[in-house]
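Asks:
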Amino acid sequence: MHRIVGLDVSGDKVRLVALESGFRGFSVLEARSVALPEGATPGERLKAALAQLPRAEDDIFAVALPGTQVASHLVTLPFTDTRRIEQVLPGEVEGAIPFDLEEVVWDHAVLSQANGRTEVLVGVVRKSVLQQALASLAEAGVDPRLVTFAPLALATPSERGMVARDGAAGGAAVAEALLDAGPDRADFCLLEGEHPVLARSLSSAGAALWESARTDPRALDRLLAPIARDLKISLRMRGKAGVMSRLLVAGELANLPGAAEKLAADLGLQVEPLALAGEAAQVAQGPGADYALALGLALRAQQPRGRLNFRKGEFAFTRDLSQVRGHLSRLAIAAAVLLALAVGLGAARVASLSKQGRDYDDALCAATRKVLGTCVTDYRQAVAALSGGQSKAAGIPRVSAADVLAELVAHLPDDARPTLEEVDLTTTAIRLRGTAESFGKLSEIITALKKDRCFGEIKQPRTERQRGTEKVVFSLDFAYTCSGEQPGGV
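Residues 48 to 537 in our numbering are what the sequence shown lists, from first letter to last.
1. May I ask you to list the residues that DSSP assigns as paired with aspartate 27?
2. Assign isoleucine 107 to buried or exposed, taking buried as 16 or more other Cβ atoms, counted over all protein chains shown, within 10 Å of its Cβ.
3. Determine the burial state of glutamate 223: buried for a count of at least 16 other Cβ atoms within 10 Å of its Cβ, exposed for fewer.
4. For the alpha helix (DSSP H) that alanine 266 lies in, which residues bound it at each end?
5. For valine 355 versus leucine 199, is the C-beta distance shorter than 8 Å?
6. Put serine 401 into one of helix, strand or coil per three-state DSSP.
7. Rank Gly170, Thr88, Leu226 and Phe126 by C-alpha distance to the C-alpha of serine 183 and give the top, closest one.
8. Does DSSP put aspartate 227 in a helix, in a strand, or in coil?
9. Between proline 320 and alanine 341, is the Cβ-Cβ spacing less than 8 Å?
10. Could you give the residue range of the alpha helix (DSSP H) that holds glutamine 134?
11. One question on the structure: do lysine 66 and serine 74 come within less than 8 Å of each other, judged by their Cβ atoms?
12. Any idea if leucine 368 is buried or exposed, counting beta-carbon neighbours within 10 angstroms, 16 or more meaning buried?
13. Thinking C-beta only, is leucine 93 closer than 8 Å to alanine 180?
14. Classify glutamate 468 as helix, strand or coil using the three-state DSSP reduction.
15. Let me know the secondary structure DSSP gives cysteine 501 once reduced to three states.
16. Where does valine 56 fall in DSSP's three states?
17. So, are the CB atoms of valine 140 and arginine 173 less than 8 Å apart?
18. Which value, in whole angstroms, describes the spacing of the CA atoms of glutamine 329 and methionine 209?
19. How long is the line joining the alpha carbons of phenylalanine 196 and proline 113, rounded to whole angstroms?
20. For aspartate 234, count neighbouring C-beta atoms within 10 Å of its own C-beta (all shown protein chains included) and say buried if the count is 16 or more, exposed if not.
21. Kindly indicate which residue of Arg261, Val189, Asp462 and Gly481 has the alpha-carbon position closest to the one of glutamate 91.
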């Protein structure tokens, strides 16, 4: 078993939650915080702080980028098919950001799927920002497997049932909000039925105002006023999202005197500090609200599949082979066994197919000898002979190009008809070049064409997005299979 460490680095403190993961689940080992000492660079300060904590060489780290460095977008798509989501999202992201896709790293997480619709949270960070963050962590000896969006990670403890309810209502129709705020961040997420439906970063004041707010009521009002305003805007973004049970506050905000009461009065909601449940509450050194983000990061790394992670492409996580050298012998033995099984299975299939081929030839020979008076084992020659292939009428096509065009137009969806600039078709092949309104409309066109059994395999089209618009120039090539002709001939 190995340790998974969620690392929450703020302006003056680093919080750490460590899990031990195995085949049967996980356990929470520790939840600790250490002040960041003075240092020349953030990497040196983090290195000095981590030196005070126990570490192992094979620790797996998970961190979050500050909300100010990540642009988040909530995208609603009118379908639930995973492959179509992967095809459409690049166009949606490119249209939403003022940069080229080559300048950024982006990833997504599916928040919900219902009534044929999918809501996707997309996080985007510039490559230069991510590179600088990874370099700072590397200076502290940390190579994180997971780099994610902090507001989304904040929802994970509630998803996994590790937040105390203390009598709060539950159920699919009940909404609950979480806010982790301090001098350097204000991360917000909204959950319905313990699943996130909204995650975003809010604005926060500087350290000076936070320090004044501890003793000055007027400073507290100035601090909380913009936070309350942004919270109201965020809650309205979901419309009538169901009964709002409470707002849980974490981080520095949970320890600020009078903050929960002031927010409760401004929002008309029950506001209380977040409290952890189970093992996390037992091992936490201090209030559980301090470790909400660190615990969420560790939990997301413990089950990383389908999670938003900026470590991809040129920034993908790699690990020294020396850490897995002990497993190589077992992997080699398993590979050899699988190879032997594959060879044996392949030989059996070849023998079976050869026997079936001989049986088919014998059956075809018997049928053609009975009908034509001669043995024919080539099915093409047999079909031509049985269809009157020797007559002059056998060369007349079954369909015309006009019939093929009519069938093509009939299968184009009414609400997604493209502008066709070039149509090149025969009775055996179709080539289209045109413009669709968007990537989504192009997907609808391809789906509609695939429903016709006469249209052959439609592969991924060549596409190019028009500058300054949502329109997409595409090119499609596929076969027409219902003419009874061979490609290239009449």
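C-beta atoms are modelled at their ideal positions from N, C-alpha and C, and glycine is treated no differently.
Replies: Answer, in terms of the structure:
1. Lying outside 48 to 537, the shown extent of the chain, residue 27 is not represented and no answer is given.
2. Locating residue 107 in the sequence shown gives position 60, counting from the first residue. Flag for isoleucine 107 reads buried.
3. On the sequence shown, residue 223 is found 176 positions in, with the first residue counted as 1. Buried, since its Cβ has 16 or more Cβ neighbours within 10 Å.
4. Position 219 of the sequence shown, counted from the first residue, corresponds to residue 266. Going by DSSP, alanine 266 is part of the alpha helix (DSSP H) stretching over 264-284.
5. Stepping through the sequence shown from its first residue, residue 355 is reached at position 308. Stepping through the sequence shown from its first residue, residue 199 is reached at position 152. The displayed chain sequence assigns leucine, not valine, to residue 355. The Cβ-Cβ distance between leucine 355 and leucine 199 falls below 8 Å.
6. Mapped onto the sequence shown, residue 401 falls at position 354. If DSSP states are grouped into helix, strand and coil, serine 401 belongs with the helices.
7. Here residue 183 corresponds to residue number 136 of the sequence shown, with the count starting at 1. Taking only the C-alpha atoms, the option nearest serine 183 is Thr88.
8. Taking the sequence shown and counting its residues from 1, one reaches residue 227 at position 180. Correct three-state label for aspartate 227: strand.
9. Translated into the one-based positions of the sequence shown, residue 320 becomes position 273. Translated into the one-based positions of the sequence shown, residue 341 becomes position 294. Cβ atoms of proline 320 and alanine 341: not closer than 8 Å.
10. Translated into the one-based positions of the sequence shown, residue 134 becomes position 87. Its alpha helix (DSSP H) spans residues 129-143.
11. The residue you call residue 66 lines up with position 19 of the sequence shown. The residue you call residue 74 lines up with position 27 of the sequence shown. It should be pointed out that residue 66 corresponds to leucine in this sequence rather than to lysine. Their beta carbons are under 8 Å apart, which means leucine 66 touches serine 74 by this criterion.
12. For the purposes of this step, residue 368 is taken as the residue at position 321 of the sequence shown. Annotation note: pLDDT 41 at leucine 368 (below 50); position unreliable, coordinate value reported separately. Leucine 368 should be labelled exposed.
13. By one-based count along the sequence shown, residue 180 stands at place 133. By one-based count along the sequence shown, residue 93 stands at place 46. No; because the gap between Cβ atoms is not below 8 Å, this pair is not in contact.
14. On the sequence shown, residue 468 is found 421 positions in, with the first residue counted as 1. Residue state, collapsed to three classes: strand.
15. Residue 501 sits at position 454 when you count from the first residue of the sequence shown. Three-state result, cysteine 501: coil.
16. Here residue 56 refers to the residue found at position 9 of the sequence shown. Here valine 56 sits in strand by DSSP.
17. For the purposes of this step, residue 140 is identified with residue 93 of the sequence shown, where counting begins at 1. For the purposes of this step, residue 173 is identified with residue 126 of the sequence shown, where counting begins at 1. In this structure, arginine 173 does not lie closer than 8 Å to valine 140 by Cβ.
18. Sequence index remark: in the sequence shown, residue 329 carries index 282 (1-based). Sequence index remark: in the sequence shown, residue 209 carries index 162 (1-based). For glutamine 329 and methionine 209, the distance between alpha carbons rounds to 12 Å.
19. For this step, residue 196 is matched to residue 149 along the sequence shown. For this step, residue 113 is matched to residue 66 along the sequence shown. Each residue's Cα considered, the two are about 8 Å apart.
20. In the sequence shown, counting from the first residue as 1, residue 234 sits at position 187. Label assigned to aspartate 234: buried.
21. Start at 1 with the first residue of the sequence shown, and residue 91 comes out as number 44. The residue with the shortest Cα to Cα distance from glutamate 91 is Val189.
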